[in-house]
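Numbering (this note's numbering), first residue to last: 16 to 254.
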Amino acid sequence: MEFKDPLVQYLGEWSAGMNVYSVAFRFILVLILASLIGTERLSKRHSAGLRTFIIVSLSSAVSAMIDVCMISKTQMGLPIISAASVISIAMISGNSILFSSKSQIKGLTTSAGLWGCGMVGLATGAGLYTIALISFVALLCCISKLSLIESILKDRSNHFEVLLELKNTYNLQDFVTTLRKLGLKIDDIESNPAYLNSGLSVYTVSITISQRDFEKYKKHADIIEALRSLDYIHYIEEL
Numbered sequence: 016m017e018f019k020d021p022l023v024q025y026l027g028e029w030s031a032g033m034n035v036y037s038v039a040f041r042f043i044l045v046l047i048l049a050s051l052i053g054t055e056r057l058s059k060r061h062s063a064g065l066r067t068f069i070i071v072s073l074s075s076a077v078s079a080m081i082d083v084c085m086i087s088k089t090q091m092g093l094p095i096i097s098a099a100s101v102i103s104i105a106m107i108s109g110n111s112i113l114f115s116s117k118s119q120i121k122g123l124t125t126s127a128g129l130w131g132c133g134m135v136g137l138a139t140g141a142g143l144y145t146i147a148l149i150s151f152v153a154l155l156c157c158i159s160k161l162s163l164i165e166s167i168l169k170d171r172s173n174h175f176e177v178l179l180e181l182k183n184t185y186n187l188q189d190f191v192t193t194l195r196k197l198g199l200k201i202d203d204i205e206s207n208p209a210y211l212n213s214g215l216s217v218y219t220v221s222i223t224i225s226q227r228d229f230e231k232y233k234k235h236a237d238i239i240e241a242l243r244s245l246d247y248i249h250y251i252e253e254l
């Protein structure tokens, strides 16, 4: 069944074809949508900012428009340029993923956002305005609003990880004993390789809340704050 874009019907047939006005409209729409997503990422000081999102989205839109022209003129059945654009976006977004010195993977949301923004650009370039706008709203909501829900769910989880800096290597046993007394289960302790030659005793510790009292009344921040008061702990934070 052929999809009839409601926005095309509202704007007029000029917006469906490839002409000067429709091309200009698609470029303007892509610029606005990509700018809004890029501004949100930039405001949170992420690795990919305003220009990156605009360039990715514009390039995707151009790819889709070239494919539309080539298919209409040469009867080519496959959107080759758009397919190559999707692969390129995947490579670019993959390069925005970073591994921090705290054994954390950073940039996953930005990477997925770049890929999603590229898809919005492809939809806009192909003249699928309704799909592009709905995808844009969903993408922006996921990037900007779901982080609060993630934080709430994360803080209520029975499992969490901490970055632990001890004043002395020998204090690790004291730390383990303290956690066990509190009813906290240690799932894994890993020495952080980024600090091997620094003279610091730094570990990544995976912890499970095993007692129901902690599960009901204690948040991760409360547990970490209590551990921070121990004399032999130089620094501790949740990952």
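For glycine and all other residues, C-beta sits at the position ideal for the given N, C-alpha and C. Values in this document were obtained by computation on a predicted structure and should not be read as measured data.
Is it buried or exposed, residue i, if we count other Cβ atoms within 10 angstroms and call 16 or more buried?
i: Thr54; result: exposed
i: Pro94; result: buried
i: Glu176; result: buried
i: Val135; result: buried
i: Tyr149; result: In the sequence under discussion, the amino acid at residue 149 is Ile, which differs from the Tyr named in the question. So Ile149 ends up on the exposed side.
Could you give the first and the last residue of the continuous alpha helix (DSSP H) run that contains residue i?
i: Glu240; result: His235 to Arg243
i: Gly27; result: Looking at the DSSP string, Gly27 is not in any alpha helix (DSSP H), and its letter there is neither H nor E.
i: Met134; result: Leu123 to Gly140
i: Gly53; result: Val35 to Ser58
Tell me whether residue i sits in a helix, a strand or coil according to DSSP, three-state version.
i: Lys196; result: helix
i: Asp246; result: coil
i: Phe18; result: coil
i: Ser172; result: coil
i: Leu73; result: helix
i: Leu179; result: strand
If you draw a straight line from the alpha carbon of residue i to that of residue j, how long is it in whole angstroms?
i: Arg56; j: Ile248; result: 35 Å
i: Asp237; j: Val83; result: 57 Å
i: Val220; j: Ile158; result: 28 Å
i: Leu178; j: Arg243; result: 12 Å
i: Glu252; j: Gly133; result: 35 Å
i: His235; j: Thr125; result: 26 Å
i: Ala127; j: Leu215; result: 35 Å
i: Ser103; j: Leu129; result: 11 Å
What are the boundary residues of the beta strand (DSSP E) that residue i is part of?
i: Pro219; result: Reading off the sequence, residue 219 comes out as Thr, not Pro. Where Thr219 is concerned, the enclosing beta strand (DSSP E) stretches over Ser216 to Ile224.
Original post:
Are the region 182-190 and the region 160-170 touching, with three or more C-beta to C-beta distances below 8 Å?
Top reply: no
Original post:
With contact counted as at least three CB pairs below 8 Å, one residue from each stretch, are the region 65-77 and the region 41-55 in contact?
Top reply: yes
Subject >> the region 21-41 touching the region 136-144, judged by at least three CB pairs closer than 8 Å >> reply: yes
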